[in-house]
Structures are given as C-alpha cells and as structure tokens.
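In the numbering used here, the protein residues as written are 1262 to 1603. Think of the CB as a built atom: it goes at the ideal place given N, C-alpha and C, for glycine as much as any other residue. These figures come from a predicted structure and were not determined experimentally.
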Amino acid sequence: MSLTDFFQSTIGRWTGGNANAVVSRDLQFPDTSDAPPDSRRLIRDRRYCQVLTNTEFDEMSIRCAWNALQHEMAYVPAGCVQLHHDTVQDEGYGYEFADYCEQTNVESFYIDRDCITNSDYQRFVQAGGYDQAKLWPPEILSMVLQFTDSSGRPGPRFWSGGEPPQGKADHPVVGICWYEAAAFASWAGKRLPSPAEWQQAGTWPISAEGKPTQEQRYPWGNAFDPHKANLWQNDHSETIPVDELQEGNTPNGIRQLIGNVWEWVDAQFCPCNDGDVNILLEQLMAEVRGAAFDTYFASQATCQFRSGNPVFHRGSNLGFRCCVSTDSLTPRPETLSSEESE
1262 MSLTDFFQST IGRWTGGNAN AVVSRDLQFP DTSDAPPDSR RLIRDRRYCQ
1312 VLTNTEFDEM SIRCAWNALQ HEMAYVPAGC VQLHHDTVQD EGYGYEFADY
1362 CEQTNVESFY IDRDCITNSD YQRFVQAGGY DQAKLWPPEI LSMVLQFTDS
1412 SGRPGPRFWS GGEPPQGKAD HPVVGICWYE AAAFASWAGK RLPSPAEWQQ
1462 AGTWPISAEG KPTQEQRYPW GNAFDPHKAN LWQNDHSETI PVDELQEGNT
1512 PNGIRQLIGN VWEWVDAQFC PCNDGDVNIL LEQLMAEVRG AAFDTYFASQ
1562 ATCQFRSGNP VFHRGSNLGF RCCVSTDSLT PRPETLSSEE SE
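Structure below.
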C-alpha cells in the first residue's frame, strides 16, 4: 500500500469513508509541523483563532496560526454599509411595510472564505462540542439534548450515526440551528458575523469624496448572474461543494456568499416599527443572509436582502460561516502587519 493510499484510507475511517474531498482540502492547508503538539492540533482542527486570541502561546505557534488564518479566512477592511429594514407604518386605514435605510460603520475583521463544511463540523461533534456546557447559553442547555441527527446522536439533523451524508464532506453543514452555529463558532475561537459585517464582506462599498457610499448588489458586481451562484435556476436542488462556482467569489476570495445555503448571522430578526406599532412574533427569530439552492426570486439573492428563521429551525438550506475581529488577534511575530500581508 502506498503512503497516499494509507493516508486516504485512514482519513476515510475518520470521516465515514469520504476521504477524497477531505484529503484534497487538507493537503492545501499550511504546514504546521514546526508548532508544538498542542497548538499544532488546534491549528489543524481549524481552531487557529484559539491560538491567536490567547496570549499564552509561543511565537512559532502564533506564526503557524496566522498562516492558517490567512489561508482559511479573508481580510475585510473597515467601512460603512447601508442596512435596509422593513418598517411597519400605521397609515390610518391600515398598516404597510416601508423600507428604512440605516448607515452602519464596520470595523475591520476576518471572515471564513467558505461556509463551515460537514468535515469542519464533524471535528466539533467528535470533540464533544454538544457536551461542553460553556459553549451554550444556560437557558437552552435542556434543549441541547434535542439537537440530534436522524439516529439520535448529537449532531446536525440530516446526519446519521454521528456522520454526514456520504459524499458530502465538502458541502456546507446544514440542519443546524442558530445556537449550534454559535456554539461551533465559540469552540473555534470565532463568532458569527453581524449583519453589517456580512454585508460589508460581500458588497465592497466604494465611496468618493463628497458622495454617498455605493455598494455592489452581488459579490461579483451589480448584474445578476444565476450561473455564479447555486440558486433555484441552476436546478441542483441541493447543496454543492463549497469550492465550486468560484466565478462568484468576492475580489479577496470569499466564496458562495450568495447561494448554496442561507447563512445565520448574529442578530435577532424583527421588522422595525413606527410610533405605537408593536410587532409580536410567535417565535424568536434570527437573521439569515445570502439565499440558498432553493431560492427562486432574484430579489432575495442580493447582499442587501435580509430575512429570518426561528432560532431553533434546523433546515436543509441553512448553514453559516464565522468571523473574528482584527483587533482581537495577537499581532504577527513579523513586523509586517496582517493587513499588509494580504
């Protein structure tokens, strides 16, 4: 047996037999062999931000963690975005929705180039993430026991036996609620992006002196092109690997912000109100962004469109990606700044 065959068969046992996608992704990962064993394990598990947000690690660990971060995440500079809200107004004869626009400043941050994959999430499951009380809000700890796969084991809704569907290791993980996404982000040393951060990552606002900021509607520009995103028009009827359709990437290599899966963000979803209008929702909702493989209307597949789902919903078209604030990271050991090294 060759070394390659051995490596693939070993990875296959870890991931339920879908070795090829995992191996090809891991072979592209930066070398971490110079890091001490503990930090090397964190970095290889895509938990490099645990190294970079903790002052106890040595210089080589920090250097390797930065290499991993810049491979896996994209730098998004500070800026300003226009957040649109559906506002309920009392017109005297009834209530109507109106669009309200709010300008929001965003500090610089890093965001995952890809949605969290089944392979990524499996590391969290195998590490006992569902048993780590510190990752979950105290008020929902009793609910965590209900976050199980089809076989009753802890994990995403559409998994079985603690493993993702065959052949989908490199697809975005779905069937996870907002709390599961937030728990994974915390375990990885990251967090869910805010609505403004998610929008900043996709729109690349361009401002000219004396003129308002202009945002692109899509990561690739202002013209809708269904062939650059996995939407209903492409007739896939399901998710695709996270590294496909790269013509729809942002200029700095963030993939599939539009299409494939809706993405949980760190915000409650509720229409704004005008005056004495009170809006009562049956369930607590969290905001989602980016559209999915089953999104039909082009108007919902923009970087500005905002929608929501119940926080406990575990849909087949719902995934997430994580981010981290630039100012929370330990500086690189080199004099070169992280922004300049992009």
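- Taking residue 1546 as the centre and dropping the five residues before and after it, the same chain places the C-beta of 1529, 1530, 1531, 1569, 1570, 1571 and 1572 closer than 8 Å to its C-beta, in chain order.
- In the same chain as residue 1581, and ignoring 5 residues on each side of it, the C-beta atoms closer than 7 Å to its own belong to 1376, 1377, 1442, 1453, 1524 and 1525, in chain order.
- Residue state for residue 1488 is assigned as helix, using DSSP reduced to three classes.
- For residue 1311, no beta strand (DSSP E) encloses it; the enclosing alpha helix (DSSP H) starts and ends at 1309-1313.
- CA-CA distance, residue 1364 to residue 1320, rounds to 40 Å.
- Between residue 1592 and residue 1484, the alpha-carbon positions lie close to 38 Å from each other.
- By DSSP's assignment, residue 1404 forms no beta bridge with any residue.
- For the pair residue 1314 and residue 1585, the CB atoms are nearer than the 9 Å cut-off.
- In the DSSP assignment, the residues bridged to residue 1584 are 1372 and 1452.
- DSSP, reduced to helix, strand and coil, places residue 1345 within a strand of the structure shown.
- Residue 1595 and residue 1450 have their C-alpha atoms spaced approximately 22 Å apart.
- Rounded to whole angstroms, the separation of the alpha carbons of residue 1374 and residue 1491 is 16 Å.
- For residue 1327, there is no enclosing beta strand (DSSP E); the enclosing alpha helix (DSSP H) covers residues 1320-1333.
- Residues 1307, 1373 and 1374 of the same chain have their beta carbon placed closer than 7 Å to that of residue 1333, with the five preceding and five following residues left out of the count.
- Comparing alpha-carbon positions, the option among 1298, 1493 and 1388 lying closest to residue 1318 turns out to be 1298.
- Around the CB of residue 1396, 16 or more other CB atoms lie within 10 Å, so the residue is classed as buried.
- If you draw a straight line from the Cα of residue 1577 to the Cα of residue 1437, it is about 9 Å long.
- In the DSSP assignment, residue 1529 falls within the beta strand (DSSP E) that extends over 1523-1529.
- Less than 9 Å divides the Cβ of residue 1465 from the Cβ of residue 1512.
- Contact annotation: residue 1495 and residue 1433 have beta-carbon atoms that are not nearer than 9 Å.
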